[in-house]
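Some notes on the structure that comes next.
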Amino acid sequence: MSHEHKSLMKKHLTEEVKKKLKGVKTPHGFTVEDAIRSGVANEDSSVGVYAGDEESYTLLAPLFDPIIFEYHGHGVNDMHRADLDAAKLEADSLDPDGTYVVSTRIRVGRNLRGYGFAPAITREHRREVERRVVESLREFDGDLAGTYYPLEGMDEATRMKLVADHFLFKKGDRFLEAGGANRDWPEGRGIFHSADKRFLVWVNEEDELRIISMQEGANVREVFSRLSRAIDMLQRQLQFAYSDHLGYLSSCPTNLGTAMRASVHVKLPKLGKDEARLKRIAKELKLSVRGVDGEHSESKGGVYDISNKQRLGISEAEAVNLLIRGVGTLIMLEKCEA
Ligand code: ADP
Ligand code: ILO
37 MSHEHKSLMK
47 KHLTEEVKKK
57 LKGVKTPHGF
67 TVEDAIRSGV
77 ANEDSSVGVY
87 AGDEESYTLL
97 APLFDPIIFE
107 YHGHGVNDMH
117 RADLDAAKLE
127 ADSLDPDGTY
137 VVSTRIRVGR
147 NLRGYGFAPA
157 ITREHRREVE
167 RRVVESLREF
177 DGDLAGTYYP
187 LEGMDEATRM
197 KLVADHFLFK
207 KGDRFLEAGG
217 ANRDWPEGRG
227 IFHSADKRFL
237 VWVNEEDELR
247 IISMQEGANV
257 REVFSRLSRA
267 IDMLQRQLQF
277 AYSDHLGYLS
287 SCPTNLGTAM
297 RASVHVKLPK
307 LGKDEARLKR
317 IAKELKLSVR
327 GVDGEHSESK
337 GGVYDISNKQ
347 RLGISEAEAV
357 NLLIRGVGTL
367 IMLEKCEA
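Quick note: the sequence shown uses this note's numbering, first residue 37, plus one each step.
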């Protein structure tokens, strides 16, 4: 299948940028050729670049800056500020009647300072990151206490069930594959989760950590508070890659800043009859629409994954408040549909 090349990479990789970045190598040996690998291999990429380490965002800035500006509207002099205070949320619930929202999930991506990111990390460092993260998680107690399950050696039925139940990442994402992020799979990857699976950490997928809080229903304050507590605890033991300008640094530039995606699975069968319209409305509300099995999946039974689009230049609490307001509007529109 041939696609028209429309990625931000294609648009911003000008001859001048190529000239500026010729021969530039980050401390983890990452080059502009590595950064664009995924977008070159996948002509349907929307962004088409990945960062190989923290320094990619400064040393390869002539390519990353215009992409970041076009995606997030965040200029080179703009700053990012984190705020994970659950008291700042405007409501406890995303769906006070409890009839539309099936489940609520918030995740953030994190990478450890000093290591390459997924597209550039060495096999040895990947193992070291896994060891350090698992050691830190061992300290967690109460509702956050849990067990780490490495992907290596996990039986296929267990893995498939975790994916189907929305707890575990899928394997074989072709964008990550081409970007070099899936090397040595499944070594060094795994999932930690609490007994009730409301607190989870993915290790060494697209980012070194994906810290996740989720539960059935719409109690977003509870989900956010749990996440905030867990991040706080991890931060006491691990130093994350962060900059005042770009916030938490992620392998994909779409996740910079909060690196947070707060989402609901919400029943919108009537609005879903015209998906193009639903997406237009969501865009106005600064929200994204995905299918129920995550990115690049379809809706099932009129249930959609609705989440905050903006991640950078907005705080975590503000982004969740946008979701609270936006989901409220979508539910109201759904009620009004014939
Ligand atoms: P990410 O959220 O990490 O960017 P995906 O969009 O692929 O990546 O989602 C990862 C998994 O989380 C998928 O199985 C998806 O169905 C699940 N998920 C996302 N939001 C929710 C939610 N609100 N409730 C239940 N599962 C969810
Ligand atoms: N590299 C892919 C995916 C971009 C956004 N999705 C993420 C971060 N999982 C692309 O350019 O389309």
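Don't be surprised by glycine CBs; every beta carbon is placed ideally from N, CA and C.
Asked, Found
"Neighbour-count burial assignment, C372, 16 or more Cβ in a 10 Å radius", "exposed"
"Complete runs of the alpha helix (DSSP H) confined to the stretch 174–234 [at least 4 residues]", "192–200, 210–214"
"Separation of K61 from V53, as counted between CA atoms", "14 angstroms"
"Reference L270; option with closest CA among R146, I367, V199, H281", "R146"
"CA nearest to the CA of E424, picked from V76, G88, E166, K206", "Lying before the first or after the last residue shown, residue 424 is absent from the chain, which here runs from 37 to 374."
"Ligand 1 heavy atom lying under 7 angstroms from the CB of V328", "yes"
"Per-residue burial, D191 [other beta carbons within 10 Å of its own, 16 or more giving buried]", "exposed"
"heavy atom of ligand 1 below 7 angstroms from D131 C-beta", "no"
"Sheet register partners of T140 (DSSP bridge)", "Q251, V300"
"Euclidean distance between Cα positions of L125 and Y184", "31 angstroms"
"P102 vs H48 beta-carbon contact at 8 angstroms", "yes"
"The stretch 254–261 in contact with the stretch 147–165 per 3-pair CB rule at 8 angstroms", "no"
"Cβ neighbour criterion (16 or more within 10 Å) applied to R225", "buried"
"Buried or exposed by the 16-neighbour rule on C-beta atoms within 10 Å, applied to S333", "exposed"
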